[in-house]
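Report on one structure; see the data block that follows.
Numbering (the numbering used here), first residue to last: 161 to 460.
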């Protein structure tokens, strides 16, 4: 298959001329705002620990460097800042018309999504939409790409309308069907959790073909062990998310592979009672692609 390497460079024409409204992360200020009555009792060392854990200084540097960039331009700026590159294999399987649902495994928890946005924007132009956890709407530079999905309750009418509007359009729609990023299984293999069936029913209702993708890569051994320990202790809060910024910076200078599979016609999907099984079948197809078939046991 033909390989297409994408070197990510910042779009200079969209660089800002002022720094008055640079977005900054301030853990202490957030805690003070959310817990005003308890803030004075929280030890400063604990706040400092949280700041280091989420790489606050590095995140603020990255936000400052990419100040003023939005959507795909912001993604390219971040990838350029981190010197991250990727290649696309199986590019001949990508349809000429981007009106499809692109489903992919979710190994990294951040950079993988940015690379998908960059890849599809380069191929199909502006307007790519990404269905994401509604908590991610707090990432201001990506609000134009993200379409919120409520993972912890019922969808609001506004959210449903936004999803329907995105699917009714002509731009590509990206979905991570697992929702959460990949975890390490009992045999040490890093793989997605269960793929939710929503994308199958949405493909049918919007008459969009499904394009299975597989993204290479993994987070650190520490991340997966911490996630498994949290699960073992029955802690309901997804604490390992605090580690994801460190995982982003750990990927500096790395090169990844995105493998594209053949389109799955929406007419071949039945949905309804069969949707869950079909989601599992498409998950197997994604992991059966050359990049996914070489899944390895995590050793570092």
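Glycine included, every Cβ here is placed at the ideal spot set by N, Cα and C.
Inset, instruction - Could you pull out every residue in the same chain whose Cβ sits closer than 7 Å to the Cβ of residue 182, ignoring the five residues on either side in sequence? - result: 223, 224, 227
Legend entry - Close Cβ partners of residue 161 (< 7 Å) along its chain, the five nearest in sequence each way excluded: Here residue 161 scores only 38 on pLDDT, less than 50, and its place in the model is too uncertain to base an answer on.
Inset, instruction - Would you check if the distance between the CB atom of residue 320 and the CB atom of residue 384 is smaller than 8 Å? - result: no
Inset, instruction - Return the residue from the list 389, 243, 444 that minimises the CA-CA distance to residue 410. - result: 243
Legend entry - Beta-carbon gap between residue 263 and residue 420 smaller than 8 Å: no
Inset, instruction - Spatial neighbours of residue 350 within its chain, please: CB distance less than 6 Å, with the 5 preceding and 5 following residues excluded, ordered by chain position. - result: 342, 344, 378, 458
Inset, instruction - Determine contact between the stretch 433-443 and the stretch 357-364, defined as no fewer than three beta-carbon pairs at a distance below 8 Å. - result: yes
Legend entry - 8 Å Cβ cutoff met for residue 213 and residue 402: yes
Inset, instruction - Using three-state DSSP, classify residue 385 as helix, strand or coil. - result: helix
Legend entry - Residue range of the alpha helix (DSSP H) that includes residue 323: 317-328
Inset, instruction - Please check the pair residue 373 and residue 418, which I expect to be a contact at CB under 8 Å, by giving their CB distance rounded to whole angstroms. - result: The pair is a contact, with the Cβ atoms about 6 Å apart (cut-off 8 Å).
Legend entry - residue 333 - DSSP class collapsed to helix/strand/coil: Taken through DSSP and simplified to helix, strand or coil, residue 333 comes out as strand.
Legend entry - Pair within 8 Å by beta-carbon distance, residue 302 and residue 231: yes
Inset, instruction - Could you tell me which of 424, 422, 268 sits nearest to residue 406, measuring between CA atoms? - result: Of the candidates 424, 422, 268, the residue whose Cα lies closest to the Cα of residue 406 is 268.
Inset, instruction - Could you tell me the distance, in whole angstroms, from the CA atom of residue 439 to the CA atom of residue 391? - result: 25 Å
Legend entry - Residues that residue 255 bridges to, as DSSP identifies them: Looking at the DSSP assignment, residue 255 forms no beta bridge with any residue, so it has no partner.
Legend entry - Three-way DSSP call (helix, strand, coil) for residue 344 in this model: strand
Inset, instruction - In the DSSP assignment, find the unbroken alpha helix (DSSP H) run with residue 247 in it and report its ends. - result: Bounds of any alpha helix (DSSP H) do not take in residue 247; it lies within the beta strand (DSSP E) bounded by 245-249.
Legend entry - C-alpha gap between residue 366 and residue 279, whole angstroms: 23 Å
Legend entry - Per-residue burial, residue 258 [other beta carbons within 10 Å of its own, 16 or more giving buried]: buried
Legend entry - Option in 190, 219, 295 with minimal Cα separation from residue 398: 295
Inset, instruction - Count the CB pairs spanning the stretch 203-217 and the stretch 232-241 that are closer than 8 Å, and state whether there are at least three. - result: no
Legend entry - residue 216 beta carbon less than 8 Å from that of residue 187: yes
Inset, instruction - List in chain order: all unbroken beta strand (DSSP E) runs of 3+ residues lying wholly within the stretch 178-203. - result: none
Inset, instruction - Less than 8 Å between the CB atoms is what I'm expecting for residue 305 and residue 291, so what's the real figure, rounded? - result: Residue 305 to residue 291, Cβ: 10 Å. No contact.
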